[in-house]
Amino acid sequence: MKTITVIVPCYNEELTINPYFAAMQAIEAVCPAYSFHYLFVDDGSTDQTLSVLEKLSSKHSNVQYLSFSRNFGKEAALVAGLTYSQGEWVITMDVDLQHPPRLIPLMIKEMETEQYDMIATQRQNRQGESAIRAFLSHKFYELLRLMTDIPFCQNETDFRLMDKPIVNSLLALQEVHRFSKGLFNWVGYRKTYLSFPNEKRSAGDSKWNLTSLFTYSIEGILSFSQVPLDIIAFIGFLVFILSISYAIFLAIRTLLFGNPTSGWTSTIVVILAMGGLQMLSLGIVGKYVGKTFMESKKRPLYFIQKTNLDLSSQKEPRKL
1 MKTITVIVPC
11 YNEELTINPY
21 FAAMQAIEAV
31 CPAYSFHYLF
41 VDDGSTDQTL
51 SVLEKLSSKH
61 SNVQYLSFSR
71 NFGKEAALVA
81 GLTYSQGEWV
91 ITMDVDLQHP
101 PRLIPLMIKE
111 METEQYDMIA
121 TQRQNRQGES
131 AIRAFLSHKF
141 YELLRLMTDI
151 PFCQNETDFR
161 LMDKPIVNSL
171 LALQEVHRFS
181 KGLFNWVGYR
191 KTYLSFPNEK
201 RSAGDSKWNL
211 TSLFTYSIEG
221 ILSFSQVPLD
231 IIAFIGFLVF
241 ILSISYAIFL
251 AIRTLLFGNP
261 TSGWTSTIVV
271 ILAMGGLQML
281 SLGIVGKYVG
291 KTFMESKKRP
301 LYFIQKTNLD
311 LSSQKEPRKL
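When the letters of the sequence shown are read in order and numbered with UniProt numbering, they come out as residues 1 to 320.
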């Protein structure tokens, strides 16, 4: 009997945990050949998430939890779950049922063919989301494919089933600022995708807003692409060529026609444009330098405040 560890990050999800677990118990019933173990990662919730997890784990021996000392982010929660996962296969999924448990039997069936090491998922659409968010999400994946050499799939999610070698490969990566969607693809291995229509949350509100999604998008681009730096270099070279060409033009015009060089307005416009370009360039370079600085500190990715795991017999937390 194969053991599957289901990693479930939670942040202020007191209303969704029990409906999620009930849905997963129904899935267990149709997959009797597999032993399901649940590892909930409480990412520093400020509601009753931890209390709900404690009650759930007291009733079910296959439910375990980790509770962070503060909110370290979903990426840290995924790493913690992978670090303390057990068994041959691992599933990562959200607790709000936007990742439908009904796909799990299909994912297992695909893995049983031994043709794949990972079964990933993608949304068929963005139904139920605002038009702005759906548009920006679509353009984000287009931009990722354009600016990186990673084969991103449109609307792919963190909901996936993977075998242990992939888990070990992911844990071998030492980044502090992680972009899991990129890392899942970067490590390679054989994979296929299952698609599903966008689902509504079972309860509560999404913790992602446009600001956090924008920050997440920037993190993804900076983690896997140097194209922004290439663009800066190209613009700098182009401005240099244009400046030299314009200087030659002014010199020739003055020599041939005797027209004095004038135009305070154009001079100020050029200065302001160049100043703005320089500030933008410094900002982009600064983001890369800042990432390097944060990586160099080698701080632990998270701290565990409370758990029902026996950490003395488990792996040490990853110091990334």
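Idealized CB from N, CA, C, for every residue including glycine.
DSSP three-state call for GLN86: helix, strand or coil?
The residue you call residue 86 lines up with position 86 of the sequence shown. Correct three-state label for GLN86: coil.
SER61 classed as buried or exposed, judged by whether at least 16 other C-beta atoms fall within 10 angstroms:
Position 61 of the sequence shown, counting from 1, holds the residue named residue 61. Per the 10 Å Cβ criterion, exposed.
Starting from ALA26, trace the alpha helix (DSSP H) in both directions and tell me its first and last residue.
To locate residue 26, count along the sequence shown from 1; it is residue 26. First-last of the alpha helix (DSSP H) with ALA26: 17-30.
Straight-line CA distance for MET118 to PRO151?
Taking the sequence shown and counting its residues from 1, the one referred to as residue 118 is at position 118. Taking the sequence shown and counting its residues from 1, the one referred to as residue 151 is at position 151. Cα to Cα, MET118 sits roughly 14 Å from PRO151.
Within the same chain, show all residues whose beta-carbon is closer than 6 Å to that of ALA80, passing over the 5 residues directly before and after it, in chain order.
The sequence position of residue 80 within the sequence shown is 80, counting from 1. If we look at ALA80 and ignore the five residues flanking it on each side, its Cβ neighbours are VAL41, LEU66, TYR302.
Grab the span of the alpha helix (DSSP H) containing VAL52 for me, first residue to last.
Position 52 of the sequence shown holds residue 52. Residue range 49-59 is occupied by the alpha helix (DSSP H) that includes VAL52.
Would you give the residue range spanned by the beta strand (DSSP E) that PRO9 belongs to?
Here residue 9 refers to the residue found at position 9 when the sequence shown is read from its first residue. Segment 2-10, the beta strand (DSSP E) holding PRO9.
In whole angstroms, what separates the C-alpha of TYR193 from that of MET107?
Against the sequence shown, residue 193 aligns to sequence position 193. Against the sequence shown, residue 107 aligns to sequence position 107. Those two C-alpha atoms are separated by around 9 Å.
VAL8 beta carbon less than 9 Å from that of LEU39
In the sequence shown, the residue the question calls residue 39 occupies position 39. In the sequence shown, the residue the question calls residue 8 occupies position 8. Contact flag set, yes.
Just reading off the beta strand (DSSP E) that PHE72 is part of, what are its end residues?
Start at 1 with the first residue of the sequence shown, and residue 72 comes out as number 72. Taken as a continuous stretch (DSSP letters only), PHE72 belongs to no beta strand (DSSP E), as it is neither H nor E.
Alpha carbon to alpha carbon, what distance is there between MET111 and PHE36?
Your numbering for residue 36 matches position 36 in the sequence shown. Your numbering for residue 111 matches position 111 in the sequence shown. Their backbone Cα atoms lie some 16 Å apart in a straight line.
THR121 versus SER57: straight-line alpha-carbon distance, rounded:
One-based indexing of the sequence shown puts residue 121 at position 121. One-based indexing of the sequence shown puts residue 57 at position 57. Between THR121 and SER57, the alpha-carbon positions lie close to 28 Å from each other.
Paired residues, beta bridge with THR307 - DSSP:
Reading the sequence shown from its first residue, position 307 is the one you call residue 307. In the DSSP output, where bridge partners are listed per residue, THR307 has LEU66.
By a C-beta neighbour count over all protein chains shown, 10 Å radius and 16 as the cutoff for buried, is GLU75 buried or exposed?
Taking the sequence shown and counting its residues from 1, the one referred to as residue 75 is at position 75. GLU75 should be labelled buried.
With distances taken from CA atoms, which of TYR189, ARG178, ARG102, ILE218 is nearest SER195?
Mapped onto the sequence shown, residue 195 falls at position 195. Ranked by how close their Cα comes to the Cα of SER195, the residues TYR189, ARG178, ARG102, ILE218 have ARG102 in first place.
In the DSSP assignment, find the alpha helix (DSSP H) that holds PHE184 and state where it starts and stops.
Working through the sequence shown from its first residue, we reach residue 184 at position 184. Its alpha helix (DSSP H) spans residues 180-186.
Is it right to say ALA29 is buried, meaning 16 or more other beta carbons lie within 10 angstroms of its own, or is it exposed?
Mapped onto the sequence shown, residue 29 falls at position 29. Looking at its Cβ environment, which holds fewer than 16 other Cβ atoms inside 10 Å, ALA29 is exposed.
Count the other CB atoms, across all protein chains shown, that sit within 10 Å of the CB of ASP163; report buried if there are 16 or more and exposed otherwise.
Position 163 of the sequence shown, counting from 1, holds the residue named residue 163. ASP163 comes out buried.
6 Å CB neighbourhood of SER13 in its chain, flanking five on each side removed
On the sequence shown, position 13 is the one that residue 13 refers to. The sequence given here has Glu at residue 13, not Ser. Cβ within range, chain order: THR49, VAL95.
Inter-residue Cα distance where the pair is GLY283 and LEU277
In the sequence shown, counting from the first residue as 1, residue 283 sits at position 283. In the sequence shown, counting from the first residue as 1, residue 277 sits at position 277. Rounded to the nearest angstrom, the two C-alpha atoms are 10 Å apart.
CA-to-CA distance, PRO100 to ASN185, given in whole angstroms
Residue 185 sits at position 185 when you count from the first residue of the sequence shown. Residue 100 sits at position 100 when you count from the first residue of the sequence shown. So the alpha carbons of these two residues sit roughly 22 Å apart.
So who's on the other strand from SER195, going by DSSP bridges?
Against the sequence shown, residue 195 aligns to sequence position 195. For SER195, which the question treats as bridged, DSSP gives the partners GLN122.
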